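Chains as they are written, first to last, in numbering that gives the first Met the number 0: chain A, 0 to 244; chain B, 0 to 359.
Here a beta-carbon is modelled for each residue, glycine too, at the ideal position from N, C-alpha and C.
Keep in mind the model is a prediction, meaning the values are calculated, not measured.
Reviewing the structure listed below.
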Amino acid sequence: MKRPLQALLLALTGTGLLHTALLTDTYLRYVKAGLRPALIVSGAVLLLLGLAAAITRDRRHTADDTGHGHDHSGTPRVAWLLFLPALSLLLHPPPALGAYTAARADTKPVAVQKGFAPLPATSPLPLTLTDFTKRVQQDRGRAVEHRTVRLTGFVTPAGGGDGWYLTRIVFSCCAADSQTVKVRVYGSGAPPADTWLEVTGTWHPHGTLGTRTAEAALDARGVRPVAPPVNAYTDDLPLRPSQEG
Amino acid sequence: MDKADELVGVTEGVAAVPHPDPPVRRIRPWPPGARPRPWPPGAVPRPWPLGAALTVAAVLLLVGTPWLNHPAVQAWRTVCLAITVQALPFLLLGTALSGAINAFVPADLFTRVLPKRPALAVPVAGVAGAVLPGCECASVPVASSLIRRGVTPAAAFAFLLSAPAINPVVLTATAVAFPGDPAMVAARLLASLATAAVMGWLWLWLGKETWLRPLPRHRHSGHRHGHSRRTEFRLGFQHDFLHAGGFLVVGAMAAATFDVTVPGSVLDAFSGSPWLSVLFLAVLAVLLAVCSEADAFVAASLTGFSPTARLAFLVVGPMVDLKLIALQAGTFGRAFAWRFSTATTVVAVTASVLISGALL
């Protein structure tokens with residue numbers, strides 16, 4: 000790889016990182032939010048390195064020619080591959096993982112919780128998919144019985160049988176370690192895959208509530224399309240972009 | 000990822016527009032045989048990569064869009080990009096450290112600090128791995144610069160293996176992922192240290208320098224006539240980063256391909272048998288290439304598997320995985336990478352089984 004191209008590659012990779020982490024929040028599609036400072040610093044360092052390489056090129060050439068003509072200009076061809084993530088970040092960033100991945104993943108096992116606090120009286124009650132699953136399968140007090148809850152997630156078509164899945168994909172470091180949380184929804188026609196929805200409804204009675212036999216499922220009363228939350232890769236209650244006006 | 004997407008949708012891409020390059024060539028970044036000496040003196044890069052890259056980019060921008068948006072291709076691109084983006088800061092840190100060792104640390108420092116006898120230097124270097132925070136991508140360039148600085152390869156390899164597994168960040172993540180189970184953290188620490196030390200000693204016993212690609216000691220090592228140390232640092236940094244970064248992308252592509260093509264339900268088939276499940280999770284750790292800071296959470300989610308199998312996943316993962324094999328092949332040569340990775344996997348699985356028998 001020639002030296003001007005190396006400079007270009009460094010600068011492009013740096014710009015790509017800065018674009019994804021500093022100027023936009025597309026980095027949240029790929030890695031956890033905590034990595035943002037590291038990405039910004041890396042992007043800045045790479046960009047500066049690229050600029051430095053471009054500026055000092057001419058001087059270096061004369062130094063090369065006098066003695067060590069073979070050194071750093073011989074970057075192996077595999078470095079070309081770095082253009083792919085750089086250009087991809089800049090020109091055509093792929094979307095966050097969605098229904099395709101969720102449909103092929105097993106449901107993330109829900110941690111065992113010992114005690115359950117009483118549920119707030121709000122109705123409909125906003126719950127995360129994980130909390131809803133815990134209440135259905137582990138809460139012996141059956142607090143969720145007859146309660147109207149509101150869950151947020153995206154649509155994943157179910158392979159067979161009735162209904163579809165309301166889904167969240169969570170990861171702890173990057174999208175490569177993603178896990179899926181699913182709640183089956185009955186009583187409403189399946190919207191297109193990957194649509195973000197807010198579903199209001201009650202527990203779909205199947206199995207014994209408060210035990211493992213209970214299905215994490217919802218009889219939908221109302222289904223409302225929503226904008227994808229900022230924190231799409233978590234199973235938290237949705238954070239919305241602030242409303243204008 | 001644009002060019003790489005061509006690999007997944009190769010049939011569509013080729014059918015849509017006849018391409019000057021046979022698709023297979025884009026899988027190999029170089030023709031076979033050209034690889035063992037990636038930077039021969041005075042090598043002039045052949046013109047095809049630029050032409051190919053521009054053609055592929057143009058083709059993708061003009062006609063590639065429909066299949067580029069196929070859900071499977073998008074998931075592949077997302078995972079691939081996620082692994083690359085996640086690893087870049089750590090790779091940069093490792094390269095910076097490696098560059099700093101080359102440019103600023105006196106050549107004899109490590110030989111003075113480490114015990115003279117290689118057999119003693121190995122465990123010391125293994126324990127020293129605890130000071131390099133971060134995940135495994137950082138350790139390969141650092142180990143390479145240690146060897147260039149005269150550290151015996153066996154000790155450098157012990158460092159390479161232990162650093163990503165036993166540093167405080169990773170151990171804390173493990174403790175968080177396995178709440179109320181400190182034995183798992185202790186088992187991971189001990190099994191990883193044992194594996195690193197055994198691999199170092201194994202290299203002393205059986206290793207041959209000829210398996211290593213000759214490391215260009217004189218290249219950008221140390222201060223050199225006519226260059227300031229700063230320039231020296233910057234150039235070493237630039238070279239190492241571009242080099243390792245390319246291999247990182249290769250590894251990320253391989254791991255993403257596995258991630259997207261193999262359904263999660265395969266896991267269940269293996270969780271029943273105690274011995275198969277250990278081997279299966281060890282292989283899974285290699286294929287998934289999850290960062291060592293996150294692999295404890297993945298292991299915690301594999302609830303159907305025995306603690307021994309999950310420990311094997313935690314011990315093998317930071318030491319051997321697709322992106323590490325690619326990085327090692329790039330840094331030390333292919334002959335080294337496959338031997339070393341195979342041996343490490345065997346040793347790591349053995350260590351996990353023994354330690355979990357004692358602790359878990």
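Problem - As assigned by DSSP and simplified to three states, the class of A/Ala216 - result: Correct three-state label for A/Ala216: strand.
Problem - Spatial neighbours of A/Leu236 in its chain, beta-carbon cut-off 7 angstroms, leaving aside the 5 residues before and after - result: Closer than 7 angstroms at the Cβ level, and outside the excluded window around A/Leu236, lie Pro125, Thr127.
Exercise for the section: In angstroms with no decimal places, state the Cα-to-Cα distance between B/Phe246 and A/Phe131. Expected result: About 43 angstroms.
Problem - Beta-carbon spacing of B/Ala281, B/Leu321 below 8 angstroms - result: No, Cβ-Cβ distance for B/Ala281 and B/Leu321 is not below 8 angstroms.
Exercise for the section: Note down, in chain order, each residue of its chain lying with its Cβ closer than 7 angstroms to the Cβ of B/Ala118, except the 5 sequence neighbours on either side. Expected result: Taken in chain order, the residues that qualify are Trp200, Leu203.
Exercise for the section: Would you identify the three-state DSSP class for B/Leu145, choosing helix, strand or coil? Expected result: B/Leu145 falls in the helix class under three-state DSSP.
Exercise for the section: Could you tell me whether the Cβ of B/Arg212 comes closer than 8 angstroms to any Cβ of chain A? Expected result: For B/Arg212, the answer is no, since every Cβ of chain A falls outside 8 angstroms of its Cβ.
Exercise for the section: State buried or exposed for A/Val182, treating a residue as buried only when at least 16 other CB atoms are found within 10 Å of its CB. Expected result: Result: buried.
Problem - N-terminal and C-terminal residue of the alpha helix (DSSP H) that A/Thr25 is part of - result: Per DSSP, A/Thr25 lies in no alpha helix (DSSP H) and is assigned neither H nor E.
Problem - Short Cβ contact (8 angstroms threshold) for A/Val154 with A/Thr100 - result: No, the pair does not count as a contact, with Cβ atoms beyond the cut-off.
Practice task
Sort B/Phe236, B/Asp258, B/Glu208 by Cα distance to A/Ala52 and report the nearest one.
Solution key: Nearest neighbour of A/Ala52 by Cα position, chosen from B/Phe236, B/Asp258, B/Glu208, turns out to be B/Phe236.
Problem - Contacting residues, own chain, Cβ-Cβ under 6 angstroms from B/Arg36 (five flanking each side not counted) - result: Bear in mind that the predicted position of B/Arg36 carries a pLDDT of just 41, short of 50, making it too unreliable to give a figure here.
Exercise for the section: Measure the alpha-carbon distance for B/Thr94 versus B/Ala137 and round it to whole angstroms. Expected result: Near 7 angstroms, if we compare the C-alpha coordinates of B/Ala137 and B/Thr94.
Practice task
May I ask you to report which of helix, strand or coil DSSP gives B/Arg116?
Solution key: In the structure shown, B/Arg116 sits in coil (DSSP, three-state: anything other than H, G, I, E or B).
Practice task
Count the other CB atoms, across all protein chains shown, that sit within 10 Å of the CB of A/Gly159; report buried if there are 16 or more and exposed otherwise.
Solution key: Result: exposed.
Handout entry: Reference A/Arg2, options A/Asp161, A/Cys172, A/Leu48, A/Ala98, closest by Cα
Key = If you compare the alpha carbons of A/Asp161, A/Cys172, A/Leu48, A/Ala98 with that of A/Arg2, the shortest gap goes to A/Leu48.
Exercise for the section: Give the range of the beta strand (DSSP E) segment to which A/Trp195 is assigned. Expected result: Residues 195 to 202.
Practice task
Answer yes or no: does any C-beta atom of chain A fall closer than 8 angstroms to that of B/Ala281?
Solution key: Residue contact with chain A for B/Ala281: absent (no Cβ-Cβ distance below 8 angstroms to any residue of chain A).
Problem - Neighbour-count burial assignment, B/Ser340, 16 or more Cβ in a 10 Å radius - result: B/Ser340 is buried by the Cβ-count criterion.
Practice task
Would you list the residues sitting across from B/Leu372 in a DSSP beta bridge?
Solution key: No answer is possible for residue 372 of chain B: the residues shown for chain B start at 0 and end at 359.
Handout entry: Beta-carbon proximity check, B/Leu113 vs B/Ala153, cutoff 8 angstroms
Key = No.
Exercise for the section: Since I believe B/Ala127 is in contact with B/Phe158 (beta carbons under 8 angstroms), could you give me their beta-carbon distance rounded to a whole number of angstroms? Expected result: Approximately 6 angstroms separates the beta-carbon atoms of B/Phe158 and B/Ala127; this is inside 8 angstroms, confirming the contact.
Exercise for the section: Taking 8 angstroms as the cut-off, decide whether the C-beta atoms of B/Val169 and B/Leu323 are in contact. Expected result: Contact flag unset, no.
Problem - Spatial distance of B/Arg338 from B/Val314 (CA atoms) - result: Straight through space, the alpha carbons of B/Val314 and B/Arg338 are spaced by roughly 18 angstroms.
Practice task
Could you confirm whether any beta carbon from chain A is found closer than 8 angstroms to the beta carbon of B/Ser270?
Solution key: No, B/Ser270 does not count as interfacial toward chain A.
Problem - 8 angstroms Cβ cut-off: residues of chain A touching B/Gln85 - result: Those are Tyr29, Val30, Leu34, Cys172, Cys173, Ala175, listed as they occur along chain A.
Practice task
Taking only beta-carbon positions, decide if B/Cys136 is within less than 8 angstroms of chain A.
Solution key: No, B/Cys136 does not count as interfacial toward chain A.
Practice task
Output the distance between the C-alpha atoms of B/Ser276 and B/Val104, rounded to the nearest integer angstrom.
Solution key: The alpha-carbon atoms of B/Ser276 and B/Val104 are separated by roughly 45 angstroms.
Exercise for the section: Tell me whether the beta-carbon of A/Leu196 lies closer than 8 angstroms to the beta-carbon of A/Gly140. Expected result: Their beta carbons are not under 8 angstroms apart, which means A/Leu196 does not touch A/Gly140 by this criterion.
Practice task
Go through its chain and collect everything with a Cβ distance to A/Pro36's Cβ below 7 angstroms, but skip five positions before and after it.
Solution key: Excluding residues within five positions, none has a Cβ falling inside 7 angstroms.
Handout entry: Under the three-state DSSP convention, the category A/Gln112 falls into
Key = DSSP places A/Gln112 in coil when its eight states are reduced to three.
Exercise for the section: Out of B/Thr230, B/Ala185, B/Phe304, state which residue places its alpha-carbon closest to the alpha-carbon of B/Gly271. Expected result: If we check each option's Cα against that of B/Gly271, B/Phe304 comes out closest.
Exercise for the section: Inspect the beta-carbon positions of B/Ala162 and A/Ala175 and report whether they are closer than 8 angstroms. Expected result: Taking 8 angstroms as the cut-off, the Cβ atoms of B/Ala162 and A/Ala175 do not count as close.
Problem - Closer than 7 angstroms at the beta carbon, the chain A residues around B/Gly244 - result: Taking the beta carbon of B/Gly244 as reference, the chain A residues within 7 angstroms of it are Ala78, Leu81, listed in sequence order.
Practice task
Out of B/Leu192, B/Ala336, B/Phe269, point me to the one whose CA is closest to B/Leu211's CA.
Solution key: A check of alpha carbon separations from B/Leu211 across B/Leu192, B/Ala336, B/Phe269 identifies B/Ala336 as the nearest.
Handout entry: Length of the line joining the Cα atoms of A/Pro93 and B/Leu241
Key = Rounded to the nearest angstrom, the two C-alpha atoms are 23 angstroms apart.
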